[in-house]
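Peer 1: What follows is a structure written as structure tokens; I'll ask about it next.
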Amino acid sequence: MYDVIIIGGGPAGLTAAAYCLRKRLEVLLIAPDLGGKANYRMHLAGLEGFEHITGEEIVRKFRGQLQYLDFARIRGMAAKIEAHADESFETFTVFTEEGNRYHTRALILATGVMPLRLHVPDEEMLLGRGLSYSAVSHAPLFWERETAVVGSGDLALRSAAELALVASRVVLVAPEGLPDHPLKRKLTGQQNVTILEKHHVTHIHGNGYVHAISVRSPEGSEQEIPVSGVFGELGFRPLSDLVQGLVELNAEGYVVIDDRCRTSRPGIFAAGDVTDTYAEQVLIATGEGAKAALAAYDYLLYY
Ligand SMILES: Cc1cc2nc3c(=O)[nH]c(=O)nc-3n(C[C@H](O)[C@H](O)[C@H](O)COP(=O)(O)OP(=O)(O)OC[C@H]3O[C@@H](n4cnc5c(N)ncnc54)[C@H](O)[C@@H]3O)c2cc1C
Numbered sequence: 003m004y005d006v007i008i009i010g011g012g013p014a015g016l017t018a019a020a021y022c023l024r025k026r027l028e029v030l031l032i033a034p035d036l037g038g039k040a041n042y043r044m045h046l047a048g049l050e051g052f053e054h055i056t057g058e059e060i061v062r063k064f065r066g067q068l069q070y071l072d073f074a075r076i077r078g079m080a081a082k083i084e085a086h087a088d089e090s091f092e093t094f095t096v097f098t099e100e101g102n103r104y105h106t107r108a109l110i111l112a113t114g115v116m117p118l119r120l121h122v123p124d125e126e127m128l129l130g131r132g133l134s135y136s137a138v139s140h141a142p143l144f145w146e147r148e149t150a151v152v153g154s155g156d157l158a159l160r161s162a163a164e165l166a167l168v169a170s171r172v173v174l175v176a177p178e179g180l181p182d183h184p185l186k187r188k189l190t191g192q193q194n195v196t197i198l199e200k201h202h203v204t205h206i207h208g209n210g211y212v213h214a215i216s217v218r219s220p221e222g223s224e225q226e227i228p229v230s231g232v233f234g235e236l237g238f239r240p241l242s243d244l245v246q247g248l249v250e251l252n253a254e255g256y257v258v259i260d261d262r263c264r265t266s267r268p269g270i271f272a273a274g275d276v277t278d279t280y281a282e283q284v285l286i287a288t289g290e291g292a293k294a295a296l297a298a299y300d301y302l303l304y305y
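For our numbering, add 2 to where a residue sits in the sequence shown, where the first one is 1.
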């Protein structure tokens with residue numbers, strides 16, 4: 003029986019594991035990789051070395067701290083979680099895709115989110131080479147560059163508003179049109195912003211780095227727009243299926259947590275992007291992972 007099982011090896015899960023090990027808990031980390039989405043990095047022509055935090059650096063530092071992690075880690079995917087009533091506390095069983103099962107007193111879910119893809123040619127190839135799914139992370143890198151944002155909701159409007167402060171041009175392509183929103187009113191008529199409602203991006207062009215997008219109008223005509231940055235802002239899918247029915251999720255499927263990363267079910271904690279906490283950022287996920295580990299430790303003191 004483990005004290006804590008952590009599911010997910012991104013910044014939140016790795017930090018939680020480091021804290022649990024420091025507290026000398028019996029801990030198991032289940033993840034197919036180490037680093038999660040901190041392994042992504044944005045490369046831009048003429049801008050190498052400007053990004054002040056890289057995923058590789060952070061993961062390397064975690065690895066250095068976690069010298070015992072190899073003994074407390076399974077490479078694989080968790081497939082199912084079951085809760086069992088005990089005398090006063092529940093215990094949990096985690097089943098892996100390989101068919102193994104592990105028992106624990108407490109769980110930390112740190113499985114992150116998947117950005118919704120644009121499903122256009124060359125998307126995979128240009129990810130991190132001008133194509134981003136996170137204006138929060140990358141907008142400042144596009145200082146005085148021509149950019150496009152793709153999306154029809156609040157996230158796309160927010161990203162366009164952030165880019166409009168730094169980029170020389172922002173083309174907001176909203177396939178489904180835009181809601182009546184204060185940011186839409188602010189962006190409309192702004193000198194460096196073009197809004198294309200009901201238009202669709204059909205291709206991202208790039209030879210090493212993004213250099214243009216093709217956009218189709220509602221009437222069916224195509225135009226090529228030169229840009230060096232494309233922000234896919236269709237939204238995220240939180241990877242919370244494992245705890246569906248076990249803990250409270252919000253309307254978008256994020257795990258609802260309190261200020262100590264506790265979910266609605268005692269013994270299950272969550273951290274990082276999969277939760278309803280503010281902003282998807284490596285440093286925020288790291289801090290939340292530390293908090294979840296300390297909260298799990300406090301929970302176990304009463305066990
Ligand atoms: C393209 C891109 C670029 C980004 N750039 C930056 C940046 O420059 N700066 C910045 O601060 N933030 C950036 N972000 C955001 C940042 O990467 C995330 O906020 C951060 O990685 C979240 O950490 P996390 O641990 O919550 O989740 P993740 O990093 O998503 O890690 C989730 C982990 O859970 C694992 N997992 C998922 N499901 C299962 C399962 N069923 N069983 C076991 N393991 C599972 C995954 O394999 C992974 O190890 C970027 C995000 C993206 C998508």
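By construction, the Cβ of each residue, glycine as well, lies at the ideal position given by its N, Cα and C atoms.
As the structure is a prediction and not an experimental result, all values here were calculated from the model.
(1) Roughly how many angstroms lie between the CA atoms of L180 and S219, to the nearest whole one?
(2) With DSSP run on the structure shown, which of helix, strand or coil describes S139?
(3) Classify Y301 as buried or exposed, calling it buried when 16 or more other Cβ atoms lie within 10 Å of its own Cβ.
(4) Return yes when the C-beta of G274 is under 6 Å from any heavy atom of ligand 1, and no when it is not.
(5) Taking C-beta to C-beta, are A21 and A297 nearer than 7 Å?
(6) Quick check on DSSP: helix, strand or coil for E59?
(7) Under 7 Å between the Cβ atoms of F144 and A169?
(8) Have a look at the DSSP bridge pairing and note the partners of Y104.
(9) Which residue's Cα is closest to the Cα of P34: M79, S242 and T17?
(10) For a test of your reading of the model: does the CB of V284 fall under 6 Å from any non-hydrogen atom of ligand 1? Yes or no.
(11) Once you ignore the five residues that flank E125 on each side, which residues in its own chain have a CB closer than 7 Å to its CB?
(12) Classify I281: buried if its beta carbon has 16 or more other beta carbons within 10 angstroms, exposed otherwise.
Peer 2: A quick look at the data gives this:
(1) 15 Å
(2) It is helical.
(3) Y301 sits buried, since 16 or more C-beta atoms from the chains shown fall within 10 Å of its C-beta.
(4) At least one heavy atom of ligand 1 is nearer than 6 Å to the Cβ of G274, so yes.
(5) A small correction: the amino acid at residue 21 is Tyr; Ala does not occupy that position in the sequence shown. In this structure, A297 does not lie closer than 7 Å to Y21 by Cβ.
(6) helix
(7) Yes. Within cutoff.
(8) V96
(9) M79
(10) yes
(11) R119, L133 and I206
(12) Residue 281 is actually Ala in this sequence, not Ile. Flag for A281 reads exposed.
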